[in-house]
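Below is one structure, written out as structure tokens; comments come after it.
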Amino acid sequence: MYKINDNYLKLQGNYLFSTIAKNVNAYKDSNPEANIIRLGIGDVTRPLVPSIIEALHKAVDEMGTPEGFRGYGPEQGYDFLRNAIAKQDYQARGCNIEADEIFISDGSKCDVGNIQEIFALNNKVAICDPVYPVYVDSNVMAGRTGAFHPVTGGYDNLIYMPCLKDNGFIPELPKEVPDLIYLCFPNNPTGMTITKPQLQEWVDYANKNGSIILYDAAYEAYITEPDLPHSIYECEGARTCAIEMHSFSKNAGFTGLRLGYMVIPKELVSNGVTLHSLWNRRHGTKYNGAPYIVQRAGEAVYSERGKAELKEQVNYYLNNAKIIKEGLLDAGYEVYGGVNAPYIWLKVPNEKTSWEFFDTLLHEVQVVGTPGVGFGAHGEGYFRLTAFGTYENTKEALNRIKNL
Ligand code: MLT
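Here the sequence shown is numbered in the working numbering, starting from 22 and rising by one per residue.
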């Protein structure tokens, strides 16, 4: 009789955003007239900008000609895109990253979920709490986390790093040394971010202890304040301790197109083996490469016109973030994030749990957000709203919340 991978049975409930969608759909079924505003999952709402649409059309037309047709592409991504990323996301910022250290993919969630495969099962993993659930769940599926403990609300073998008001939502260096450390700044879900000296401490800690930092930079385009790090490679020594993940979803609206990339510097070596060679092997075996036309759209993100159009798009969402933040502050809420990130993290009022607050918002004002506890035990008592809605819906949602 075949056996299943029973690590899956250790997962807690469904994927967070599927649970939310299920609750919202159930409400909608019994209240078909309800005008629900969804500020839950961080999915964008603006259409793709013209330079990206043009690049897509052009690439589609090319594919219909004998000269322009492409079959299987390089699994690691086309050079035109890897070169643009290396030059503009890294070298222009003074980071020493080469094009062949960049692996193109169909998005950050897959990279973040898959990267743990090249590490041994007995590696000790540290995560922030609250945290983007994919870091935890992908390690649970692999069998790296041990049993779930209902009392602590956590897995036996994980090192949890609480991110709370008291520490400015920045994790402290763990006393028990982890092998793998997941960090995400600007942060999902708290919307807070880290300074360069603080990030440098993490890089020094990882280098001293032989740990790897898996750095999720999906939201770097939302940094508005000067001197904040857009990439971990702005820190000295990061090439020997960090892998970085990037998405095209949040800066360019590719949630439906799908594109992302991961940087693996060639200096990352364990027992004489480079992580770059392992991931290259894994990518070549399990992945066919992102579609040519989508990579051409990705290239347009780095064109002068594309950059100008996307700056405007990011500013549109940042303006929503401001509306949410200021509206909530006006209404007397305790609010974090929303300045260098598209997420607003608010303290749930009146001692309610975060799921109770979710129900209140849905049932009383038909606004959907994400309960903080869905991101981890230390998210209890908090709630996340996203700035990725339309301007009109964002304003309307805030009016409704103010009138609660
Ligand atoms: C979120 O809402 O946390 C993100 O949209 C999820 C994702 O990007 O996968």
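C-beta: ideal position from N, C-alpha, C; glycine also. Predicted model only: the values in this text are computed from it and were never measured.
Can you have a look at residue i and say buried or exposed, based on whether 16 or more other CB atoms are within 10 angstroms of its CB?
i           : result
residue 236 : buried
residue 257 : exposed
residue 495 : The first residue shown for the chain is 22 and the last is 425, placing residue 495 beyond what the model contains.
residue 350 : exposed
residue 329 : exposed
residue 141 : exposed
residue 384 : exposed
residue 160 : buried
residue 59  : buried
residue 413 : exposed
residue 387 : buried
residue 335 : buried
residue 331 : buried
May I ask which residues mark the beginning and end of the beta strand (DSSP E) holding residue i?
i           : result
residue 433 : For the chain, the structure presents residues 22 to 425; residue 433 sits outside this window and is missing.
residue 368 : 364–368
residue 213 : Careful: residue 213 lies outside any beta strand (DSSP E) and carries neither H nor E.
residue 95  : That residue, residue 95, is in no beta strand (DSSP E); it is neither H nor E in DSSP.
residue 264 : 263–268
residue 285 : Segment: none, residue 285 is in no beta strand (DSSP E) and carries neither H nor E.
residue 358 : 356–358
residue 235 : 233–237
residue 81  : From DSSP, residue 81 is part of no beta strand (DSSP E) but of the alpha helix (DSSP H) over 71–84.
Please name the residue, chosen from the options, that lies closest to residue i on a Cα-to-Cα basis.
i           : options            : result
residue 289 : 65, 425, 259       : 259
residue 316 : 131, 279, 266      : 279
residue 228 : 239, 200, 245      : 200
residue 266 : 50, 287, 241       : 241
residue 136 : 156, 322, 72, 190  : 156
residue 167 : 210, 177, 275, 40  : 177
residue 152 : 210, 417, 54       : 210
residue 321 : 162, 186, 212, 272 : 272
residue 362 : 375, 310, 340      : 340
residue 132 : 195, 173, 311      : 311
Taking a contact to mean a Cβ-Cβ separation below 9 Å, would you say residue i touches residue j in this structure?
i           : j           : result
residue 367 : residue 377 : no
residue 401 : residue 393 : yes
residue 203 : residue 253 : no
residue 282 : residue 98  : yes
residue 284 : residue 314 : no
residue 26  : residue 164 : yes
residue 62  : residue 407 : yes
residue 70  : residue 327 : yes
residue 359 : residue 37  : no
residue 41  : residue 391 : yes
Please decide whether residue i counts as near chain B, where near means a Cβ-Cβ distance under 9 Å.
i           : result
residue 116 : No chain B is present in this structure, which holds just one protein chain.
Hey, quick one: how far does the alpha helix (DSSP H) through residue i stretch, first residue to last?
i           : result
residue 155 : 154–163
residue 131 : 129–135
residue 412 : 412–423
residue 9   : Past the boundaries of the shown model lies residue 9; the chain is included only from 22 to 425, so the question cannot be answered.
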